[in-house]
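Participant: One structure coming up, written as structure tokens, with questions to follow.
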Amino acid sequence: MRRKTSMLSKTRFVSQVFFSLLFCAGILMAGNDYWPLPEDFFFRLDPLLAVICMPAAGTLLCNFLLSASVVALTVFAGRFFCGWICPLGACIDFFEWITRGFKRPEILNYRIKHFCTIKYGILVFVLAAAGFSFQFLYFFDPIIIMTRFTGMLLLPFKKEILHQSPFVVKHAFEFIVFVFFILMLSFLARRFWCRALCPLGALFGILGTFSRFEFNQKKCNSCQVCQKICKTGAIADPLKNLEQTQECIRCFDCLNVCPQNARRFGYCSDFTRWPKSSQDTVNLSRRTFIGWGASGMAAAVIFAPKAVAMPGKKYLLRPPHAPEEEAFLDLCLRCQACVNVCPTNALQPVFFQSGLYGLWTPALAPSVGACKIDCNACAKVCPTGAIGKFTHLTKYHLKIGTAVLNKNRCLPWAENKPCGKCLQHCPTGAIGFTREDEMEKPERIDFLLCVGCGICQYVCNRQTLGPPALIITAKGRNQPSGVAPVTIKTFLENKQKKIR
Amino acid sequence: MIHKKLKTRISLFVLFFICTGLIFAFRINAREPEVYSAHHIKAAIAQPVEIEADFEDEEADLSDPALDKKLANATHQGELIHVAHFTPPVFFSERAKRSIEKRFWIRFSPFGFILFIAAITTPQSRRKKQRAMSLKKSFNLGKTAIVIIGIVSILSFLIALWPTDICHALQYSSIKNAVTDYLGKESKIYQTHIIITPDSKALFKKELGWTPPKSRYKVYYTKSDGGQPYAYVYVLSDKLNACGGLHKYCVKISAEGKIEGISIIELTCDRSYCINSKAFLAQFKRFDLTNARVKAKNYDAISGATQSTDLTRDVVLRALMLHRILNEQKAGA
């Protein structure tokens, strides 16, 4: 059978490639002043984030107003986002293309309808949890998943090529394995993730049922080729014009394969027909709905920071200008955008150090890198405001934490060996010292001047083989610091002079 | 009733998921706050008298559990914090960090995995395999492919994740063995200390641009039949910041103050392993402090381990300088 490619199909391919490249470029160029788009552009397109984060955070997140336009387009043209824009959808399509020789078990086709309800269940689950101020989107939202994956996959190469500091993130492989697991699911059925598990797809599916753009066929001979080629199983019976609009991702593969050239896609002006067919409804029973909703509430209780599983550790260092721990956990999407963009790798995703709910949230790890005084990249890329907006000069108005000094580990004190690295590097002069035997020995830390940037721990960690003498703790987090803006300004000016 | 094929595939994915979970579980354990022992070398407390070598304090465990426990339980008090210690919740040791940095090749493994899947699922490959396996009619390619993919992916991720926190350290010899190899197993080995005075420090600073961190250094030696020392062995170590590892050397110096041999006891950075070659170490033989070639860094370095070879040269010079100070102290006494 000779296949022709319709213009719509070609356009969709171009769109997928364009948005995939845009997405990758956005990850690679994040934090760069020359990048014209907002760093969180794709997050702004995601209405599920807006729906979930607003109740979870209890605030109106203006960033997500752009997603309203996507919602409007979906209501108008159907679930096009999954087939035209979604980076995870493009990734799955690419994976299915390279594994096209593998004969996928079509046995699932008669069962996939049951699987399809799972995504609606997951949507109910995350919504119910969000109602209790907990968001679990980091497991399910395709934009978040792809941001983590793309960053962990591409940024090591970028930093290696540009000779920047190496990309060191311990959890990188976990994020990559997570996406590979999703890709492996497509061996069960094409676009298994989109059909069965993706809550964003479910949301677009529900909205897409209102779409007035439809397929119709006038000379159909019921060869069912379109039904077989459909990657989401949206065509139930082409002869009877039975389609599941909520499943159709507008890939237009069916237009390419129709031997009669009978299939057409166009606008339907008949507003009296809704739902358009018996197939065109979300088949989630009341019992299942309640079950998923109750599961979401139960998960919210289990994952609560102070509840059953694992209470979080309050002394975890968070990025600058992050709100209090519970608010931070609610706002943080675990997208790792800040981790990706951190130039010194100071921000690292944690595992269970902050409890179950704190999984993959970013924390400052001064032993890996220090928070740079002239950097506000994490604030620029955070899509939800979990890291508050700040500039270079306002960055240290609030403390990240405070350093503590252990003289038993300090080289001048313990070994009578000259060191003084912490004194040289501290940008605010917070470390007081005494002079003995022609050596400057760190004596104490000024609570107001120490902002917890971690440079002292970082340099100390490089001097000592064991744990460093200076360790940053979360004491005083978010309290106003005593550092005058002029101090930072002078420090930056001196730094510039040194560079010149 | 669940379809047979579906059942197989679901069970394979469950297996994949469980294995991934096990990897995570392993990594949780690996990420628990580590208990570090104090690696700082304590100041020697023995008197600078000639005694028989015991090799005890060099090999002793330098950790101080009581201090670690005390510090772990300590809390900070007041606005001005003096001494407090708790294990940081997110802590990478310098070695663990460099271990991740060094394994850049792992970054390619996801792409390799994708290529592997693409290769085994291409139609051409399938047809070839089907032709080859045509005699075995029961051969189920789809099932086999999934099994292979599952096993290979699990293995590759296990291999990739396993050595995350392992620091590549190599100990070639113990100090005792290294010293006895140089001074003779049958010989009686003595030890004494070289006291580093402020004048000695100044001399080191002037000549080598390095200040000795310790106030006294141990030297092993043996005596001839006439009772005169004829060979000295210095054990010197230093931490190389470039690779975050410990380098420990054993340097043999003759009574005339010439290098007779240098051997490496321990390296804690796999980039440096290549310096433990006989050809490289042998070039320092017969060198003394007056040798301009050593001072001018005019020696055969090893590319890829430049800083380690520089450190080796520095250790040679330090040992020679210590020997000079030892002779001066003897002369003074």
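Listed in order, the protein sequences are those of chains X and F.
What the first sequence shows, in the working numbering, is residues 169 to 668, in sequence order.
What the second sequence shows, in the working numbering, is residues 273 to 605, in sequence order.
Cβ atoms here follow ideal geometry from the backbone N, Cα and C, with glycine treated the same way.
Arg645(X) and Ile568(X) look like a contact to me (Cβ under 8 Å); what is the Cβ gap, rounded to whole Å?
Facilitator: For this step, residue 645(X) is matched to residue 477 along the first sequence. For this step, residue 568(X) is matched to residue 400 along the first sequence. Sure, about 6 Å apart at Cβ, within 8 Å.
Participant: Could you tell me whether the Cβ of Arg379(F) comes closer than 8 Å to any Cβ of chain X?
Facilitator: Residue numbering aside, residue 379(F) sits at position 107 when the second sequence is read from its first letter. Closer than 8 Å to some Cβ of chain X, the Cβ of Arg379(F) qualifies, so yes.
Participant: With DSSP as the reference, identify every bridge partner of Gly533(F), one or two as the case may be.
Facilitator: Position 261 of the second sequence, counted from the start, is the residue given in the question as residue 533(F). For Gly533(F), which the question treats as bridged, DSSP gives the partners Lys524(F).
Participant: Listed from N- to C-terminal order along the chain, which residues in the region 555–571 of chain X have their beta-carbon within a distance smaller than 7 Å of any beta-carbon of chain F?
Facilitator: Thr570
Participant: Does any C-beta atom of chain F lie closer than 8 Å to the C-beta of Gly269(X)?
Facilitator: Within the first sequence, numbered from 1, the residue matching residue 269(X) stands at position 101. Judged by the 8 Å Cβ criterion, Gly269(X) is in contact with chain F.
Participant: Does DSSP put Leu452(X) in a helix, in a strand, or in coil?
Facilitator: The residue labelled residue 452(X) in the question sits at position 284 within the first sequence. Looking at Leu452(X) - three-state DSSP - the assignment turns out to be coil, as it is neither helix nor strand.
Participant: Are the beta-carbon atoms belonging to Thr464(F) and Val491(F) less than 8 Å from one another?
Facilitator: If you number the second sequence from 1, residue 464(F) lands on position 192. If you number the second sequence from 1, residue 491(F) lands on position 219. Yes. Within cutoff.
Participant: Could you check what DSSP says for Ser235(X) in three-state terms: helix, strand or coil?
Facilitator: As a working mapping, residue 235(X) is identified with position 67 in the first sequence. Helix, per DSSP.
Participant: For Phe383(F), does the count of other Cβ atoms within 10 angstroms reach 16, so buried, or fall short, so exposed?
Facilitator: Working through the second sequence from its first residue, we reach residue 383(F) at position 111. Phe383(F) counts as exposed, since fewer than 16 other beta carbons sit within 10 angstroms of its beta carbon.
Participant: Indicate whether at least one CB of chain X lies closer than 8 Å to the CB of Ala474(F).
Facilitator: Taking the first residue of the second sequence as 1, we reach residue 474(F) at position 202. For Ala474(F), the answer is no, since every Cβ of chain X falls outside 8 Å of its Cβ.
Participant: By the three-class DSSP mapping on this structure, what secondary structure does Asn662(X) have?
Facilitator: On the first sequence, position 494 is the one that residue 662(X) refers to. Here Asn662(X) sits in helix by DSSP.
Participant: Buried or exposed: which applies to Ala402(X), given that a residue is buried once 16 or more other Cβ atoms fall within 10 Å of its Cβ?
Facilitator: Against the first sequence, residue 402(X) aligns to sequence position 234. It counts as buried.
Participant: When you compare only the Cα positions, how much space is there between Met320(X) and Phe343(X)?
Facilitator: One-based indexing of the first sequence puts residue 320(X) at position 152. One-based indexing of the first sequence puts residue 343(X) at position 175. Rounded to the nearest angstrom, the two C-alpha atoms are 7 Å apart.
Participant: Answer with yes or no whether the minimum CB distance from Gln325(X) to chain F is below 8 Å.
Facilitator: Within the first sequence, residue 325(X) is the residue found at index 157, counting from 1. Here the sequence assigns Phe to residue 325(X), which means Gln is not the residue at that position. Phe325(X) counts as touching chain F.
Participant: Chain F partners of Lys609(X), CB-CB under 8 Å?
Facilitator: In the first sequence, residue 609(X) corresponds to position 441, counting from 1. Simply none; closest approach about 13 Å.
Participant: Going by C-alpha distance, which of Val347(X), Met314(X), Phe283(X) is nearest Asp214(X)?
Facilitator: Along the first sequence, read from residue 1 onward, the residue named residue 214(X) stands at position 46. Nearest C-alpha to Asp214(X): Met314(X).
Participant: Between the C-alpha atoms of Tyr306(X) and Thr552(X), what's the straight-line distance to the nearest angstrom?
Facilitator: Counting from 1 along the first sequence, the entry for residue 306(X) is found at position 138. Counting from 1 along the first sequence, the entry for residue 552(X) is found at position 384. Between Tyr306(X) and Thr552(X), the C-alpha separation is close to 13 Å.
Participant: Quick check: is the beta carbon of Leu365(X) nearer than 8 Å to any beta carbon in chain F?
Facilitator: For the purposes of this step, residue 365(X) is identified with residue 197 of the first sequence, where counting begins at 1. Taking Cβ atoms only, chain F never reaches closer than 8 Å to Leu365(X), which makes this a no.
Participant: Buried or exposed for Asp498(X), going by 16 or more other Cβ atoms inside 10 Å?
Facilitator: Here residue 498(X) refers to the residue found at position 330 when the first sequence is read from its first residue. By the neighbour-count rule (16 or more Cβ atoms within 10 Å), Asp498(X) is buried.
Participant: Can you list, in chain order, the residues of the region 544–565 of chain F whose Cβ is nearer than 8 Å to any Cβ on chain A?
Facilitator: Structure shown: chain A not included; protein chains present are X and F.
Participant: Would you mind giving the Cβ-Cβ distance between Val627(X) and Cys578(X), rounded to the nearest angstrom? I have them listed as a contact below 8 Å.
Facilitator: Here the question's residue 627(X) lines up with position 459 in the first sequence. Here the question's residue 578(X) lines up with position 410 in the first sequence. Contact doesn't hold; Cβ gap of about 12 Å is too wide.
Participant: Run through chain F and tell me which residues come within less than 9 Å of Leu321(X), C-beta to C-beta.
Facilitator: On the first sequence, residue 321(X) is found 153 positions in, with the first residue counted as 1. In chain order: Arg379, Pro382, Phe383.
Participant: Near Ala315(F), which residues of its chain fall below 7 Å by C-beta distance, leaving aside the five closest residues on each side in sequence?
Facilitator: As a position in the second sequence, residue 315(F) is number 43, starting the count at 1. Because the pLDDT of Ala315(F) is 28, which lies under 50, any placement of that residue in the model is unreliable, and the question is left without a value.
Participant: For Tyr444(F), write down the residues that DSSP places opposite it in a beta bridge.
Facilitator: As a position in the second sequence, residue 444(F) is number 172, starting the count at 1. Answer is none; Tyr444(F) lacks a bridge partner.
Participant: Going along the region 575–590 of chain X in order, which residues come within less than 7 Å of chain F, judged by CB to CB distance?
Facilitator: Lys575, Asn576, Ala582, Glu583, Lys585, Pro586
Participant: In whole angstroms, give me the CA-to-CA distance for Glu492(X) and Lys178(X).
Facilitator: Within the first sequence, residue 492(X) is the residue found at index 324, counting from 1. Within the first sequence, residue 178(X) is the residue found at index 10, counting from 1. Roughly 49 Å separates the two Cα atoms.
Participant: Chain X partners of Thr483(F), CB-CB under 9 Å?
Facilitator: The count along the second sequence starts at 1 and reaches residue 483(F) at position 211. Within chain X, the residues near Thr483(F) are Lys585, Pro586.
Participant: If I measure Cβ to Cβ from Arg596(F) and keep anything under 8 Å in the same chain, skipping five residues before and after, which residues do I get?
Facilitator: Indexing the second sequence from 1 puts residue 596(F) at position 324. Result list for Arg596(F): Gly529, Leu561, in chain order.
Participant: Between which two residues does the beta strand (DSSP E) carrying Gly384(F) extend?
Facilitator: For the purposes of this step, residue 384(F) is taken as the residue at position 112 of the second sequence. Element bounds for Gly384(F): not the beta strand (DSSP E) but the alpha helix (DSSP H), 381–392.
Participant: As an exercise, report each continuous beta strand (DSSP E) stretch of at least 3 residues that is fully enclosed by the region 311–340 of chain X, in chain order.
Facilitator: none
Participant: Go through its chain and collect everything with a Cβ distance to Ile531(F)'s Cβ below 8 Å, but skip five positions before and after it.
Facilitator: Position 259 of the second sequence, counting from 1, holds the residue named residue 531(F). Taken in chain order, the residues that qualify are Val523, Lys524, Ile525, Phe556, Lys557, Arg558, Phe559, Asp560, Val588, Ala591, Leu592.
Participant: Where Ser390(X) and Arg358(X) are concerned, what is the direct C-alpha to C-alpha distance, given to the nearest angstrom?
Facilitator: If you number the first sequence from 1, residue 390(X) lands on position 222. If you number the first sequence from 1, residue 358(X) lands on position 190. Distance between the alpha carbons of Ser390(X) and Arg358(X): 22 Å.
Participant: Using the rule of at least 16 other Cβ atoms within 10 Å of the residue's Cβ for burial, across every protein chain shown, is Glu604(X) buried or exposed?
Facilitator: Residue 604(X) sits at position 436 when you count from the first residue of the first sequence. That one is exposed.
Participant: Residues in the same chain with beta-carbon distance under 7 Å from Cys624(X), minus the five sequence neighbours each way, listed in chain order, please.
Facilitator: Position 456 of the first sequence, counting from 1, holds the residue named residue 624(X). Same-chain partners within the cutoff: Ala571, Cys590, His593, Cys594, Ile599, Leu638.
Participant: Taking Cβ to Cβ, would you say Gly622(X) is nearer than 8 Å to Leu532(X)?
Facilitator: As a working mapping, residue 622(X) is identified with position 454 in the first sequence. As a working mapping, residue 532(X) is identified with position 364 in the first sequence. Remark: C-beta atoms of Gly622(X) and Leu532(X) approach each other more closely than 8 Å.
Participant: DSSP on Glu207(X), reduced to helix/strand/coil?
Facilitator: Here residue 207(X) corresponds to residue number 39 of the first sequence, with the count starting at 1. Note: Glu207(X) maps to coil in three-state DSSP.
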